[in-house]
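Numbering (my numbering), first residue to last: 3 to 439. Notes to accompany the following structure.
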Ligand code: GLY
Ligand code: MN
Ligand code: MN
């Protein structure tokens, strides 16, 4: 499942149609990032650049123009074919293939970008680029702007207004197309299989990093080479560290293990958390806390529908958590007082979820004019309540050292929402019966 060349074309056209008349946009690819000495991290494309091109090489630039006088409305600067460099560092699409393959009007050699960019900018009134572009990109843009402004006899017209391209682009990225949802469903399915594999593999004496290896193995075997973020495998009290990625400890009988892992497929992330007993059977206390988190998630899911806000769902989720913690004696007082004083935050210290897409914490604003934005069809988000009770908590001993999160990914639909990640079990009985096999 991929995104078609024509969908990338439509995205570029739609972006340009929302820019001021006589605008030029400059969107840069990422560069390789050094890991140590002369080795680099696995390349990950800039998500905005990827969204508009589907092109996965470093150091490229996309230039878009809606000026009727522009020679081309889309131009891509790419690394040129270079047999020597390609033997060492990998294949390049090259200038001669790029335009055709990517559905872009023209391709040029990125080594010549300084020469061309001044000419391309000339005559446009508005310039759009990312205001948090890397310094390398900013300096290329600034140099061309300066050259345009300082042309002899004022022969060139430099854009007089600059705009941050991100608000336009990120508003587009927030609403997923049918093709995007299909890719994300596939990323979710692969990630679900990986979680199931880890559940089946789990036993006392294995190490957290070995569960991580099972997860990554399944991702790759199902066609997704990379995780979308650092995989979290936290057993026992490690589950109370929200972004625990050491994954170093041995699994102990009687503990729960929390796995937060999702693959990246065609650039799109899945983000799933499941918490399960190391040896497959929940204790009574673990059941009580787990069921509470699960019930709170279900309360939230009911309200995540078009027109509602995430805050509304969070309120319903918190009410279930507070009622449950009162029943267990972890909180005391009235439901309303605990909700108002946010006493629950000590044990549930993060939000209900976040947008999901090309970035795991995806782009798109959560508030409009200070108000929570209503959910719309095509938004994809996570729903991930949790309870974390560290050993230092002032609660009865039996609750200490337990961390639980249940995280699913949903797409908002006309009917309400669709859970993309339903292929990995989350009911206590389902988890126990899967692990018993
Ligand atoms: N995996 C990071 C998160 O759940 O937000
Ligand atoms: Mn998440
Ligand atoms: Mn997560």
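All C-beta atoms in this analysis are idealised placements derived from N, C-alpha and C, irrespective of residue type, glycine included.
Run of the beta strand (DSSP E) containing residue i, from where it starts to where it stops
i	result
residue 130	128-131
residue 26	25-30
residue 383	382-385
residue 279	274-279
residue 419	418-421
residue 415	410-415
residue 18	Premise fails: residue 18 lies in the alpha helix (DSSP H), 7-20, not in any beta strand (DSSP E).
residue 429	Neither: residue 429 is in no beta strand (DSSP E) and is coded neither H nor E.
residue 159	Looking at the DSSP string, residue 159 is not in any beta strand (DSSP E), and its letter there is neither H nor E.
residue 398	No beta strand (DSSP E) holds residue 398; DSSP gives it neither H nor E.
residue 332	First-last for residue 332: undefined, no H or E at that position.
residue 63	63-67
residue 234	234-237
Beta-carbon spacing of residue i, residue j below 8 Å
i	j	result
residue 162	residue 265	no
residue 26	residue 122	yes
residue 125	residue 159	yes
residue 17	residue 174	yes
residue 318	residue 339	no
residue 246	residue 234	yes
residue 31	residue 48	yes
residue 66	residue 80	no
residue 274	residue 423	yes
residue 387	residue 323	yes
residue 214	residue 250	no
residue 255	residue 393	no
residue 106	residue 76	yes
residue 289	residue 3	no
residue 389	residue 294	yes
residue 205	residue 259	no
residue 236	residue 52	no
residue 253	residue 208	yes
residue 385	residue 299	yes
residue 352	residue 263	no
residue 430	residue 203	no
Chain-order list of residues whose beta-carbon lies under 6 Å from that of residue i (same chain, five-residue window excluded)
i	result
residue 120	146, 149, 150
residue 366	172, 176, 357
residue 374	311, 313
residue 228	266
residue 199	216, 220
residue 287	400
residue 345	333
residue 362	230, 231, 271, 273
residue 43	35, 37
residue 305	314, 315, 318
residue 83	94, 96
residue 58	47
residue 327	333
Near ligand 5: residue i beta-carbon under 7 Å from a heavy atom
i	result
residue 275	The model on display carries ligand 1, ligand 2 and ligand 3 but not ligand 5.
Boundaries of the alpha helix (DSSP H) in which residue i is found, first to last residue
i	result
residue 326	312-329
residue 287	286-305
residue 371	Here residue 371 belongs to no alpha helix (DSSP H), and DSSP marks it neither H nor E.
residue 91	85-91
residue 193	180-203
residue 164	Run containing residue 164: none in the alpha helix (DSSP H); it sits in the beta strand (DSSP E), 163-166.
residue 111	Premise fails: residue 111 lies in the beta strand (DSSP E), 108-111, not in any alpha helix (DSSP H).
residue 53	49-55
residue 215	210-223
Cβ-Cβ separation, residue j to residue i (assumed contact under 8 Å), whole Å
i	j	result
residue 271	residue 230	3 Å
residue 335	residue 377	Residue 335 to residue 377, Cβ: 32 Å. No contact.
residue 307	residue 419	6 Å
residue 110	residue 127	So it is not a contact: roughly 23 Å between Cβ atoms.
residue 78	residue 101	7 Å
residue 108	residue 74	5 Å
residue 54	residue 13	6 Å
residue 167	residue 131	6 Å
residue 6	residue 181	7 Å
Close-in-space but distant-in-sequence residues of the same chain around residue i (CB under 8 Å, 5 per side omitted)
i	result
residue 391	242, 291, 332, 349, 397, 401, 402, 403, 404, 405
residue 178	186, 359, 380, 381, 382, 413
residue 325	337
residue 22	127, 128, 163, 165
residue 19	68
residue 395	348, 349, 401, 402
Nonlocal neighbours in the same chain, by C-beta distance under 7 Å from residue i, ignoring five residues either side
i	result
residue 226	189, 192, 265, 266, 267
residue 282	434, 437, 438
residue 428	276, 296, 408
residue 45	34, 60
residue 232	247
residue 224	192, 195
Pocket of ligand 2 defined by Cβ to heavy atom distance under 6 Å = Qualifying residues come out as 273, 356, 384, 386, 409.
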